[in-house]
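Numbering (our numbering), first residue to last: 28 to 155. Take a look at the structure below.
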């Protein structure tokens, strides 16, 4: 995704286009609102996944909205969180991923993360 490479300045010398799947990097986001050559004030975490990129940032809703707006301006498609990455996931994992975005307690998040990692599928296979 060349748009991530255009907007994200990773620490280190390896460009994001050369990252393998699963690589996590920290750097700065250079948004369209910046002066030419300018940097965003916040550091971001970027993960390359099998179907795209995940960007994590501090700064609340405004910072996240700015990152999304930058990507959309360069041609990214904005999809609801419930639809993200569930096309290829098994049913239990897709449901856990959908619910994880709305959970508001650590215990619930732990349970859903275990389900996403396959714990429920494993238990169901043991029963069958």
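Idealized CB from N, CA, C, for every residue including glycine.
Can you tell me whether residue i is buried or exposed? The criterion is at least 16 other CB atoms within 10 Å of its CB, across all chains shown.
| i | result |
| --- | --- |
| residue 44 | exposed |
| residue 63 | Note that residue 63 has pLDDT 48, beneath the 50 cutoff, so the model's placement of it is unreliable and no number is given. |
| residue 120 | buried |
| residue 71 | buried |
Does DSSP classify residue i as helix, strand or coil?
| i | result |
| --- | --- |
| residue 127 | helix |
| residue 94 | helix |
| residue 75 | strand |
| residue 104 | coil |
| residue 55 | strand |
| residue 147 | helix |
| residue 81 | strand |
| residue 36 | strand |
| residue 47 | coil |
Tell whether a beta-carbon distance below 8 Å holds between residue i and residue j.
| i | j | result |
| --- | --- | --- |
| residue 30 | residue 93 | no |
| residue 124 | residue 136 | no |
| residue 79 | residue 48 | no |
| residue 52 | residue 82 | no |
| residue 143 | residue 130 | no |
Compute the beta-carbon to beta-carbon distance between residue i and residue j, rounded to the nearest angstrom, for a pair I have assumed lies under 8 Å.
| i | j | result |
| --- | --- | --- |
| residue 36 | residue 50 | With 8 Å as the limit, residue 36 and residue 50 do not qualify as a contact, their Cβ atoms being about 15 Å apart. |
| residue 58 | residue 41 | Not quite, the Cβ-Cβ distance comes to about 22 Å (not below 8 Å), so this is no contact. |
Using C-beta distances below 8 Å, list every residue in its chain close to residue i, excluding the 5 sequence neighbours before and after it, in chain order.
| i | result |
| --- | --- |
| residue 65 | Caution is warranted here: a pLDDT of 49 is assigned to residue 65, below 50, making its placement in the model unreliable, and the coordinate value is therefore given only provisionally. Result list for residue 65: 57, in chain order. |
| residue 46 | 52, 75 |
Skipping 5 residues on each side, what residues in its chain have a beta carbon closer than 6 Å to that of residue i?
| i | result |
| --- | --- |
| residue 99 | 105 |
| residue 148 | 119 |
Could you pull out every residue in the same chain whose Cβ sits closer than 7 Å to the Cβ of residue i, ignoring the five residues on either side in sequence?
| i | result |
| --- | --- |
| residue 95 | 105 |
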